[in-house]
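**Student:**
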Amino acid sequence: MANYSSDRRSLLKIFGAVGATCAYPFASDELFGQTAEAHHHEAPATHEDAQPQFFNKADFATISRIVDLIIPATDTPGALAAGVPAYVDLVIARNTDQQLVTADGLRWLDAEATRAGSKKFLDLTEKQQLSILEPLCELADKTNGLARGRSVQFFALIKSLTADGYYTSRQGLRDELEYKGNSAMAEYPSCVPEH
Amino acid sequence: MQTNHLYDVVVVGSGAGGGTLSARLADLGADVLVLEGGPKLNTRTDFNTHGLPWEFPFRHIPTMKPGKPGMDGERSRGLGGKTQLWNAVSLRFSERDFKGKAHDGAGENWPFGYAEMKPYYDRIEKQVGVCGNYDGLEDLPDGIFLPPVPMKCTDLAVKKGAEKLGVKVIHVRKATLSRPTRTRPACHFCGNCMSGCDVVAKYNSYDVHMLPAAASGKLTLQQNSIVYDLPVSDEAKVKEVRYFDRETRAEGVARGKVIVVACACAQSVGLLLMSKSSRFPTGLGNSSGQLGKNFIPHITAGFEAFLTDFIGKPSVNDEGFLDHAYVPSFMHSRKRDYPRSFGVQFNYQNHRAVGWARSMKGMGASYKQSIKERYPAYFVFTGYHEMLPNKDSYIELDPVQVDEYGLPRVKRNWKLSEDDWKLHNDMKKWCRDILVASKAEIHSESAAPASNHEVGGCRIGTDPRTSVLNENCRSHDVPNLYVVDASVFPSSSEKNPTLTIMALATRTADHIADRLKRGEV
């Protein structure tokens, strides 16, 4: 039996359900796992050149590499060109749980790298890096991000943030997905069979 | 603020209920004050209607533009209330929705039926402009419509699938203009309808109802005034409304012959519960003990899916005005083992967020490709069903928690009964079946029932022992106190409540004006 009682936070969610995010009754309802309070920050126009606020240089480089492997450049820009590492940094800088998961994950990656004969994850070949990450990805997918293993939680977190950051960027939404909305139409066209 | 001025009517809240009622009263010559807890808004300039996610570091598009107050919390939304942010779906309740108990013995009847409400629906639709198709359905009465907006290609795929199961899909009915009026342009289909509409093609009570009425001089709008107490006099009347300024916290009093509470369901109930006195120790007008009870929000279940016919197709601009189609209630004519019914809203996502990309499998180029292919095929399907009143579903004041103004928080409690669960599960089954018949692959479905559209808690009725208000939305206990929002609905139907809130508000305005004219208050 669902027994539901709401405080103000969940109310904001309901309000969201009525308002701006009504379109997403689940999954992206709580957009990008952030609370409503986080949304009131003002915007710099671009984030591509931003210096990391939270990660040190080495960790930022590792995160950037993972992000790049999750959404690589193809015939369209990938996550790096879309400034996703800076977005990941921005979000994690405000969430201590995510910081702990990330710290554990990064340590775990370097330990795996040592086992593969290198000091650092970044020193491995792409093939070696993928052989570490792909099993994590599979486990994360299988458990819907609710895995108990720290390393899987870490990967699921970075994948989610990469997806969020990339597909809300100009490169991801406009160049890759060819988003065409937010424009003015005089009439909404009737559907013609080949759309 | 002229604290000594005695208004004919003081209205607390400016949304669908308060906005509609106050404008009607002003038209009829009453001297009306509207107190709104939130700030004044400029619908045309204050919202991020045309924002895109990459303009914001956290990629969430804030409702308001930088530095513009409003819509930032429960008690401070702004003039127009939730009609600024609604999706504008406008459905008439049917005779069966008003008289459900007479059909199946469950829940509670309204004290009147469709015939009583029809002229008020007519009036409201003419004022706000509702687009839709004349479908001739028993369970969803036709209204006075502007031409419908064409369905999207993806809607037509679902229509075809649903028809295989004998289920009708109709054009959505929305208070968004498909043709311009003398004062408002038609919709331009920018696809961000749950933000403020910057051209007011989408109805909001501030621009469409209250501003023109205020120009007549009969309607005074006072924003940033958070009402916290309705004290009762010795003769069991409410003669004044106590409020404080949202920004300065300076206290104020407004006096009226009639007081109307219209703060959007739970907040209205909360205000009445807060207004305790020795005469009404459990809340204003609560001699029945029914205040807060019979909370019956709509219960929803959502699906995300990909329509396989559209996977890999080129991306098109089909955000439109969000949902263009609707699955109206169809269970009343089918055999089932539960009372009441459901409807399904669908395809009301816009395409500037891709939250589902998180849960697509894999990584690398193939992952990226699978998202690109499915982007034109993504689709949401959300069923809404009625729930019946039960003792575990009620609105109360939190005994401990207070809000940023130090006022008790309002708590909503709800729990599905066995019959509600049967309806819920059957609704999900029908949703799945329609999706499968439409050749959709289901990507996710909501794990637990969720609530939307708050309804009930202050219901109308003929029996003062089982209802808080009479058939004119007037308190059984306090003869000059009225409530006009969805809290007054004795049963909720599965249909979006706003059009009925407005129809009821304009009807209540007529009744109040009549009493004022006769000198009864």
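Top to bottom, those sequences are chains D and G. The working numbering applies: residue 1 is where the first sequence begins, and numbers increase by one. The working numbering applies: residue 1001 is where the second sequence begins, and numbers increase by one. From the three backbone atoms N, C-alpha and C, an ideal C-beta is built for every residue, glycine too.
Could you please tell me which residues of the stretch 169-181 of chain D, in chain order, have their CB closer than 9 Å to any CB of chain G?
**Tutor:** Cβ contacts with chain G come from S169, R170, Q171, G172, L173, R174, E176, L177, E178, Y179, K180, G181.
**Student:** Give the DSSP-derived three-state secondary structure of S1205(G) in the structure shown.
**Tutor:** Correct three-state label for S1205(G): helix.
**Student:** Can you tell which of P1212(G), I1170(G), A1162(G), V1172(G) has its C-alpha closest to the C-alpha of T1183(G)?
**Tutor:** Nearest option by C-alpha distance: P1212(G).
**Student:** Counting only Cβ-Cβ distances shorter than 9 Å, please list the residues of the stretch 1349-1361 of chain G near chain D, keeping chain order.
**Tutor:** Residues passing the 9 Å Cβ filter: Q1349, N1350, H1351, R1352, A1353, V1354, G1355, W1356, A1357, R1358, S1359, M1360, K1361.
**Student:** If we ignore side chains and look at the alpha-carbon of each, how far apart do K1439(G) and E1373(G) end up?
**Tutor:** Roughly 16 Å separates the two Cα atoms.
**Student:** Does the beta-carbon of Q1267(G) have 16 or more other beta-carbons within 10 angstroms, so that it is buried, or is it exposed?
**Tutor:** Buried.
**Student:** Where do the N-terminal and C-terminal ends of the beta strand (DSSP E) with W1414(G) fall, by residue?
**Tutor:** Residues 1408-1415.
**Student:** Report yes if the CB atom of S1050(G) is closer than 8 Å to the CB atom of N95(D), and no otherwise.
**Tutor:** First, the amino acid is wrong: residue 1050(G) is His here, not Ser. Cβ atoms of H1050(G) and N95(D): not closer than 8 Å.
**Student:** Give the list of continuous alpha helix (DSSP H) stretches no shorter than 4 residues that lie fully inside the stretch 68-97 of chain D.
**Tutor:** Taking only runs of at least 4 residues, the alpha helix (DSSP H) segments lying wholly in the stretch 68-97 of chain D are 84-92.
**Student:** With DSSP as the reference, please indicate the residues paired to I1395(G) in a beta bridge.
**Tutor:** In the DSSP output, where bridge partners are listed per residue, I1395(G) has R1412(G).
**Student:** Please report the residue range of the beta strand (DSSP E) in which L1219(G) lies.
**Tutor:** 1219-1222 is the extent of the beta strand (DSSP E) around L1219(G).
**Student:** At what residues does the beta strand (DSSP E) containing V1484(G) begin and finish?
**Tutor:** Neither: V1484(G) is in no beta strand (DSSP E) and is coded neither H nor E.
**Student:** Could you tell me if K1293(G) is buried or exposed, where buried requires 16 or more neighbouring beta carbons within 10 angstroms of its beta carbon?
**Tutor:** By the 10 Å Cβ count, K1293(G) comes out buried.
**Student:** Please confirm whether N1004(G) has its beta-carbon closer than 8 Å to some beta-carbon of chain D.
**Tutor:** No, N1004(G) lies away from the interface with chain D (no Cβ there is under 8 Å from its Cβ).
**Student:** Go ahead and pull the three-state DSSP assignment for N1425(G).
**Tutor:** Residue state, collapsed to three classes: helix.
**Student:** Sort out for me which residues DSSP pairs V1242(G) with in a bridge.
**Tutor:** Per the sequence shown, the amino acid found at residue 1242(G) is Arg instead of Val. Looking at the DSSP assignment, R1242(G) forms a beta bridge with D1229(G), V1253(G).
**Student:** Quick check on R148(D): buried or exposed, where buried means 16 or more other Cβ atoms within 10 Å of its Cβ?
**Tutor:** Result: exposed.
**Student:** Using a beta-carbon distance cut-off of less than 8 Å, what residues from the stretch 61-73 of chain D approach chain G?
**Tutor:** Going along the stretch 61-73 of chain D in chain order, one finds L69, I70, I71, P72 with a Cβ nearer than 8 Å to chain G.
**Student:** Count the other CB atoms, across all protein chains shown, that sit within 10 Å of the CB of A1115(G); report buried if there are 16 or more and exposed otherwise.
**Tutor:** It counts as exposed.
**Student:** Are the CB atoms of P1281(G) and K1168(G) within a distance shorter than 8 Å?
**Tutor:** No, they are not a contact pair.
**Student:** Hey, A1505(G) and T1176(G): beta-carbon distance below 8 Å or not?
**Tutor:** No.
**Student:** Compare the C-alpha of I1124(G) against each of G1017(G), I1170(G), L1165(G), A1214(G) and name the closest.
**Tutor:** Nearest C-alpha to I1124(G): G1017(G).
**Student:** DSSP on M1529(G), reduced to helix/strand/coil?
**Tutor:** This structure leaves residue 1529(G) out entirely; chain G is present only between 1001 and 1521.
**Student:** Return the bridge partner residues of E1445(G) from the DSSP annotation.
**Tutor:** According to DSSP, which records beta bridges pairwise, E1445(G) is partnered with F1303(G).
**Student:** So, under 8 Å CB-CB, V1258(G) and D1008(G) are touching, yes? Tell me the CB distance rounded to an integer number of Å.
**Tutor:** Correct: roughly 7 Å between the Cβ atoms.
**Student:** Are the C-beta atoms of H1188(G) and some chain D residue less than 8 Å apart?
**Tutor:** Yes, H1188(G) lies at the interface with chain D (some Cβ there is under 8 Å from its Cβ).
**Student:** Given that A184(D) touches chain G, what residues does it touch there, using C-beta distances under 7 Å?
**Tutor:** Those are H1188, C1190, listed as they occur along chain G.
**Student:** For chain G, find out if any of its Cβ atoms is closer than 8 Å to the Cβ of P85(D); answer yes or no.
**Tutor:** No, P85(D) does not count as interfacial toward chain G.
**Student:** Report the three-state DSSP secondary structure of T1176(G) (helix, strand or coil).
**Tutor:** T1176(G) falls in the strand class under three-state DSSP.
**Student:** When you compare only the Cα positions, how much space is there between R1459(G) and V1483(G)?
**Tutor:** Each residue's Cα considered, the two are about 9 Å apart.
**Student:** Exposed or buried, what is K127(D) when buried is set at 16 or more other beta-carbons lying within 10 Å of its beta-carbon?
**Tutor:** By the 10 Å Cβ count, K127(D) comes out exposed.
**Student:** Roughly how many whole angstroms lie between the Cα atoms of A1377(G) and D175(D)?
**Tutor:** A1377(G) and D175(D): Cα-Cα distance of roughly 18 Å.
**Student:** Any Cβ of chain D within less than 8 Å of the Cβ of W1430(G)?
**Tutor:** Not an interface residue.
**Student:** Can you list the residues of chain D that H1050(G) reaches, using a CB-CB cut of under 7 Å?
**Tutor:** Per Cβ cutoff of 7 Å: N182.
**Student:** Y166(D): which of T114(D), A79(D), F154(D) sits nearest, CA to CA?
**Tutor:** Taking only the C-alpha atoms, the option nearest Y166(D) is A79(D).
**Student:** Quick check on the DSSP output: what are the complete alpha helix (DSSP H) runs of length 4 or more inside the stretch 99-163 of chain D, in order along the chain?
**Tutor:** Listed in chain order, the complete alpha helix (DSSP H) runs (minimum 4 residues) inside the stretch 99-163 of chain D are 126-142.
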